[in-house]
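All residue numbers for the sequence shown refer to the working numbering, where the first residue is 433 and numbers rise by one.
Structure first, then comments.
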Amino acid sequence: MSAPTPVVPIILSGGFGTRLWPASRKRRPKHLLPLRDERTMFRITLERTRGLAGVAAPLIACNEDHRPGIQRDLHRAGYDDATIVLEPVGRNTAPAVAAAALHLAARHGEAVMLVLPADHVVADGEAFARAVSVAVPQAEKGRLVTFGIVPSFPATGYGYIQTGDRLTPSVRTVRRFVEKPRRSTAARYLRTGGYLWNSGMFVFTAAAVLEELERYAPTVLAACRQAVERAESRNGLILLDEEAFAGSPAISIDYAVMEKTTRAAVVPLDAGWSDVGDWAALWDLADHDADGNTIGGDVIAIGARNSLLRSTGRLLGVVGVEGLVVVEAADAVLVAARDRAQDVKALVERLQSEGRPEFDSDGSDWYSWGTAVTVSREAGVLIRRVTVDPGSEGTFGGDGTRHWVVARGRGRLSVGHSVRTLTAGDAARVPAGASARLTNLGTGPLELVLVQLEGADG
433 MSAPTPVVPI ILSGGFGTRL WPASRKRRPK HLLPLRDERT MFRITLERTR
483 GLAGVAAPLI ACNEDHRPGI QRDLHRAGYD DATIVLEPVG RNTAPAVAAA
533 ALHLAARHGE AVMLVLPADH VVADGEAFAR AVSVAVPQAE KGRLVTFGIV
583 PSFPATGYGY IQTGDRLTPS VRTVRRFVEK PRRSTAARYL RTGGYLWNSG
633 MFVFTAAAVL EELERYAPTV LAACRQAVER AESRNGLILL DEEAFAGSPA
683 ISIDYAVMEK TTRAAVVPLD AGWSDVGDWA ALWDLADHDA DGNTIGGDVI
733 AIGARNSLLR STGRLLGVVG VEGLVVVEAA DAVLVAARDR AQDVKALVER
783 LQSEGRPEFD SDGSDWYSWG TAVTVSREAG VLIRRVTVDP GSEGTFGGDG
833 TRHWVVARGR GRLSVGHSVR TLTAGDAARV PAGASARLTN LGTGPLELVL
883 VQLEGADG
């Protein structure tokens, strides 16, 4: 008896979610944010695949900016055997899927790909697992299967799938994909039935999707084949060749293949799905107080109604407002009407066009070992709050003298041949130009304050 075909989760981790600014930034995207609980959206997506029948180690498609945060989450969730495919430039989902399929075909010979965006919410994990178990046999027969979300309201922010003939009690062919409709059209779809929201989640074999890419998007496949053939492999990372990958058209797998193939099938999914596309969507998903507010962080609200109020640090005071989104970040504050939440994208586009630093980052840097947050930077003095995860080790360099103070935890500081154990309240000085290695020796986070005198030996 032959071994069962492995089901490989392909987690698409590109983009950054412009409509969730200022929480989401280019260097710290939506899927690496803990929007619903202490776990990031990416980690929740990873854990959703745990326990699926025949599931193998995941493959993650991401870019270099996001790699450290991805690696940190993989380690925390126990997925150290995952493969990361690094995209040197953004080219949308079709090239990402093509590169993943080519890698899997070479590695496994055959594999079922469970393609999932990293930043979606699926509230009912059991319903999701049942839908996957229905989709996999169809994929093994050569079908390209998508999950269609059973609509709960006439949404205008999603594309739709019109269902066709019944293949099994739980699977239908796809008659057509429909662009985001007007509200009146969406309402008609809801009344008549036979239409599902396009989720952007797929199940197909590597062989099947490569065949359809060859048929409908040969330039994408050719560029990705070269990028994979010329790729460098290092410590679980697949570094795609930049010149070859950049030669691919930037196109989604929906446009490149799914809307054209005659092999598409759809599994209806009713599992509390959302793509968390903006702050209004997050308000819809969240718990509300008696006044309809969803509140996160240090917030005092008086007479506020039906609003999303979120602080990441400073006290946020709100009085007598209704239907607002107010989000406080380290370097910016967003105030928007909740029914205009989609227009936050225009604000972010302006930040980008003006070259504002708030487009890229809020001063937080994520690494595979932990985080470093800039508290202050002025007059040649840099102050950062550094957290090293349990069992992790970070290396630090710099031109200026560094003064470390341990706020919490127990760690080991190694500078050259000097090794010292530090606990809460201890301080250490690292001279300019020296490399320092910090190891967390405890079971909780190692938290430190770094004061760096830039360009000085003080």
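Note that CB positions come from ideal geometry on N, CA and C, so glycine has one too.
All values reported here derive from a predicted model rather than from experimental measurement.
### Message
Taking the beta carbon of arginine 623 as the centre, do at least 16 other beta carbons fall within 10 Å, making it buried, or is it exposed?
### Response
exposed
### Message
Would the stretch 813-825 count as touching the stretch 871-888 if we require 3 or more Cβ pairs under 8 Å?
### Response
yes
### Query
Which residue's Cα is closest to the Cα of alanine 485: Asp512, Val610, His835, Val566?
Val566
### Query
With C-beta atoms as the reference, is cysteine 656 less than 8 Å away from serine 680?
yes
### Task
Below 6 Å CB to CB, which residues in the same chain sit around threonine 578 once its five sequence neighbours on both sides are set aside?
Phe634, Val698
### Separation of proline 700 from serine 908, as counted between CA atoms
As displayed, the chain neither begins before 433 nor continues past 890, which places residue 908 out of reach and without an answer.
### Query
Can we say the stretch 470-483 touches the stretch 803-814, given the rule of at least three CB pairs closer than 8 Å?
no
### Task
Determine, using beta-carbon pairs with one atom in the stretch 664-674 and one in the stretch 704-716, whether at least three such pairs fall under 8 Å.
no
### Query
Looking at the unbroken beta strand (DSSP E) that takes in tryptophan 715, where does it start and where does it end?
That residue, tryptophan 715, is in no beta strand (DSSP E); its alpha helix (DSSP H) goes 711-717.
### Query
Across which residues does DSSP place valine 759 in a beta bridge pair?
Arg742, Leu766
### Query
Beta carbon of leucine 766, beta carbon of proline 454: below 8 Å?
yes
### Query
Taking buried to mean at least 16 other C-beta atoms within 10 Å of its own C-beta, is methionine 433 buried or exposed?
Here methionine 433 scores only 43 on pLDDT, less than 50, and its place in the model is too uncertain to base an answer on.
### Query
If we count the other Cβ atoms within 10 Å of its Cβ and call it buried at 16 or more, is arginine 460 buried or exposed?
buried
### Task
Output the residue ranges of the alpha helix (DSSP H) runs that lie fully inside the stretch 481-543 and measure 4 residues or longer, sorted by chain position.
499-508, 525-540
### Query
Hey, would you say the C-beta of leucine 452 is under 7 Å away from at least one heavy atom of the ligand NAD?
Only the bare structure without any ligand can be found here, which leaves the ligand NAD out of the picture.
### Query
Can you tell me the Cα-Cα spacing of valine 758 and valine 568, whole angstroms?
43 Å
### Task
With a 10 Å radius around its C-beta and 16 neighbouring C-beta atoms as the bar for buried, classify alanine 856 as buried or exposed.
exposed
### Query
Among Trp629, Ala811, Gly483, Ser743, which one has its Cα closest to the Cα of proline 583?
Trp629
### Message
Quick check on the DSSP output: the alpha helix (DSSP H) that includes alanine 563 runs from which residue to which?
### Response
557-572
#### Entry: Buried/exposed call for aspartate 710, threshold 16 Cβ in 10 Å
buried
### Message
Tell me whether the stretch 514-534 and the stretch 464-471 touch, counting them as touching only if at least three CB pairs, one residue from each stretch, are closer than 8 Å.
### Response
no
### Task
Taking valine 708 and aspartate 551 to be in contact with their CB atoms under 8 Å, please state how far apart those CB atoms are, rounded to whole angstroms.
6 Å
### Task
Give the DSSP bridge partners of histidine 552, in chain order.
According to DSSP, which records beta bridges pairwise, histidine 552 is partnered with nothing at all.
### Task
Could you tell me which residues DSSP puts in a beta bridge with isoleucine 443?
Ile492, Leu548
#### Entry: Meets three-Cβ-pair contact criterion under 8 Å: the stretch 584-596 and the stretch 606-624
yes
### Task
Please confirm if glutamate 754 has its CB atom under 8 Å from at least one CB of chain B.
No chain B appears in this structure, which consists of one protein chain only.
### Query
Can you tell which of Tyr648, Ala696, Leu599, Tyr590 has its C-alpha closest to the C-alpha of phenylalanine 636?
Ala696
### Query
What are the start and end residues of the alpha helix (DSSP H) that includes tyrosine 621?
615-624
### proline 441 versus Tyr511, Gln784, Val547, residue with shortest Cα-Cα distance
Val547
### Message
Cutting at 7 Å between CB atoms, please list the residues of its own chain near threonine 744, excluding the five before and the five after it.
### Response
Gly729, Glu760, Ala761, Ala762
### Message
For glutamine 884, report the span of its beta strand (DSSP E) as first-last.
### Response
878-885
### For aspartate 512 and leucine 506, believed in contact at Cβ under 8 Å, the rounded distance
7 Å
### Task
Mark histidine 463 as exposed unless 16 or more other C-beta atoms lie within 10 angstroms of its C-beta, in which case mark it buried.
buried
### Message
Between alanine 736 and aspartate 723, how many whole angstroms is the CB-CB distance? I'm expecting something under 8 Å.
### Response
6 Å
### Message
By the three-class DSSP mapping on this structure, what secondary structure does threonine 588 have?
### Response
coil
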